[in-house]
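Written below as structure tokens is the structure these notes are about.
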């Protein structure tokens with residue numbers, strides 16, 4: 001992870017800071033006006049020196065395509081590419097099964113052996129004729145209900161994907177994830193100043209628009225119900241707060257960054273763990289509103305919009321979010337990972353390099369913090385919060401091979 005951040009920092013120095021800031025702002029504008037994705041996707045491809053790009057978001061529950069944008073692809077070639085989706089998905093599935101770091105892209109030149117590339121029908125029938133020498137897939141969302149990715153292609157004159165493109169892509173990933181997640185939460189609606197109240201009230205999730213310091217400027221109907229119930233959010237002296245102080249602090253940090261440095265907000269404010277008073281889970285996502293012509297026109301003095309979704313709204317929640325939700329320490333989080341993978345107490349202790357007594361203590365702390373008394377109850381609780389694709393592979397499951405397996 002540190003190596004990726006170092007690559008990203010070096011890459012950003014070679015991209016004018018003003019250009020990067022404008023690009024991030026354009027991405028956030030797309031969350032409120034999805035028709036802007038075409039132009040923004042073209043700018044993303046240009047910034048990463050790629051010839052073509054595809055941005056997609058799929059609702060796996062209802063087999064719906066929510067976002068399908070492309071630049072540099074003629075309709076004929078998109079149709080030809082669609083014929084090879086099984087091969088593409090096969091390679092991606094094998095790669096995803098290895099549970100790579102969330103910001104690490106699938107890069108054909110790095111993740112597909114040369115022999116498989118040479119014999120690939122997709123390369124022969126589509127990439128080769130187009131002169132595309134390398135493809136990178138940046139996964140934005142991968143859950144049991146949604147899949148979203150950014151796919152970038154390069155021609156021979158541009159060369160294969162390098163650390164520069166991976167680094168810049170990594171810088172853009174949290175902003176893309178935030179924009180895509182919020183677009184999904186508001187059902188791809190366009191939010192405009194003239195009909196803002198009516199549009200927000202038609203959205204099932206809670207939306208609170210805040211000024212500096214979290215001062216509440218507007219709340220939609222769903223959010224007002226949450227505020228009235230003081231769960232999972234509440235108003236404290238007119239400012240937005242959460243039931244637990246840690247969540248309030250994270251929200252305030254994200255709102256402050258939204259005001260002062262939206263380009264530096266990164267993953268802060270994405271999937272902030274909240275809990276209702278009955279301990280049901282919810283998550284919050286913070287969208288900066290202080291910059292950009294489109295977003296600043298939405299509500300005067302607005303700094304950010306906070307979107308609050310109950311746990312039964314499908315979202316990309318992982319074990320890290322669960323750990324933050326219940327205040328688990330790093331050691332307890334590692335123990336939780338082992339328990340969810342099916343390890344016995346002895347196996348967990350050996351894997352973590354601690355004594356069995358220490359592992360037992362961690363387990364008891366996890367039980368106490370999550371309000372359960374048995375391992376089966378813990379597994380059921382985490383199962384309700386974490387989609388299967390984001391859970392640790394159980395010990396009985398074998399490793400995945402396939403085209404993308406190194």
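In full-length UniProt numbering, the protein residues as written are 1 to 406.
Built from N, CA and C at the ideal position, the CB exists for glycine as well.
For clarity, every value in this text was computed on a predicted model and none was experimentally measured.
Is residue j closer than 9 Å to residue i when the C-beta atoms are compared?
i, j, result
"residue 307", "residue 233", "no"
"residue 161", "residue 152", "yes"
"residue 266", "residue 284", "no"
"residue 179", "residue 44", "no"
"residue 257", "residue 144", "no"
"residue 32", "residue 140", "no"
"residue 71", "residue 23", "no"
"residue 126", "residue 109", "no"
"residue 67", "residue 102", "no"
"residue 359", "residue 349", "yes"
"residue 131", "residue 156", "yes"
"residue 87", "residue 120", "yes"
"residue 379", "residue 322", "no"
"residue 239", "residue 158", "no"
"residue 259", "residue 212", "yes"
Taking 6 Å as the limit between beta carbons, can you name the residues of its chain near residue i, skipping five residues before and five after?
i, result
"residue 36", "29, 30"
"residue 291", "25, 262"
"residue 326", "369, 370"
"residue 21", "263"
"residue 136", "105, 107, 152, 161"
"residue 274", "232, 242, 247, 282, 284"
"residue 316", "In this prediction, residue 316 has a pLDDT of 43, which is less than 50 and means its spatial position is unreliable; nothing more can be read from the coordinates."
"residue 347", "none"
"residue 150", "55, 138"
Cutting at 8 Å between CB atoms, please list the residues of its own chain near residue i, excluding the five before and the five after it.
i, result
"residue 73", "52, 54, 81"
"residue 19", "47"
"residue 38", "69, 71"
Which word fits residue i, buried or exposed, when buried means at least 16 other C-beta atoms lie within 10 angstroms of its C-beta?
i, result
"residue 112", "buried"
"residue 78", "exposed"
"residue 301", "exposed"
"residue 148", "buried"
"residue 356", "exposed"
"residue 69", "buried"
"residue 122", "buried"
"residue 93", "exposed"
"residue 335", "buried"
"residue 85", "exposed"
"residue 129", "exposed"
"residue 353", "exposed"
"residue 329", "exposed"
"residue 250", "buried"
"residue 364", "exposed"
"residue 154", "buried"
"residue 296", "exposed"
"residue 146", "buried"
"residue 237", "exposed"
"residue 252", "buried"
"residue 411", "The chain is shown only over 1 to 406; residue 411 falls outside these bounds and no answer can be derived."
"residue 272", "buried"
From the DSSP output, read off the bridge partner residues of residue i.
i, result
"residue 53", "71, 152"
"residue 372", "Looking at the DSSP assignment, residue 372 forms no beta bridge with any residue, so it has no partner."
"residue 215", "239"
"residue 65", "58"
"residue 44", "In DSSP, residue 44 forms no bridge with anything."
"residue 276", "Bridge partners of residue 276: none, in fact."
"residue 304", "210, 288"
"residue 309", "283"
"residue 171", "Answer is none; residue 171 lacks a bridge partner."
"residue 107", "136"
Once the 5 residues before and after residue i are set aside, which same chain residues still bring their CB inside 7 Å of it?
i, result
"residue 205", "185, 222, 307, 308, 309, 313"
"residue 255", "210, 214, 286, 303, 304"
"residue 220", "200, 201, 203, 206, 207"
"residue 226", "206, 232, 233, 308"
"residue 174", "266, 267, 270"
"residue 331", "362"
"residue 375", "339"
"residue 245", "none"
"residue 182", "31, 285, 287, 307"
List the endpoints of the continuous alpha helix (DSSP H) containing residue i.
i, result
"residue 267", "Run containing residue 267: none; DSSP gives neither H nor E here."
"residue 86", "85 to 97"
"residue 229", "221 to 229"
"residue 293", "293 to 296"
"residue 187", "Element bounds for residue 187: n/a, residue is neither H nor E."
"residue 329", "Premise fails: residue 329 is in no alpha helix (DSSP H) and is neither H nor E."
"residue 341", "Element bounds for residue 341: n/a, residue is neither H nor E."
Along the chain, where does the beta strand (DSSP E) containing residue i start, and where does it finish?
i, result
"residue 142", "132 to 142"
"residue 285", "281 to 288"
"residue 206", "206 to 210"
Comparing the C-beta of residue i with each C-beta of chain C, is any distance below 9 Å?
i, result
"residue 201", "Considering every chain present, this structure includes no chain C. It has just one protein chain."
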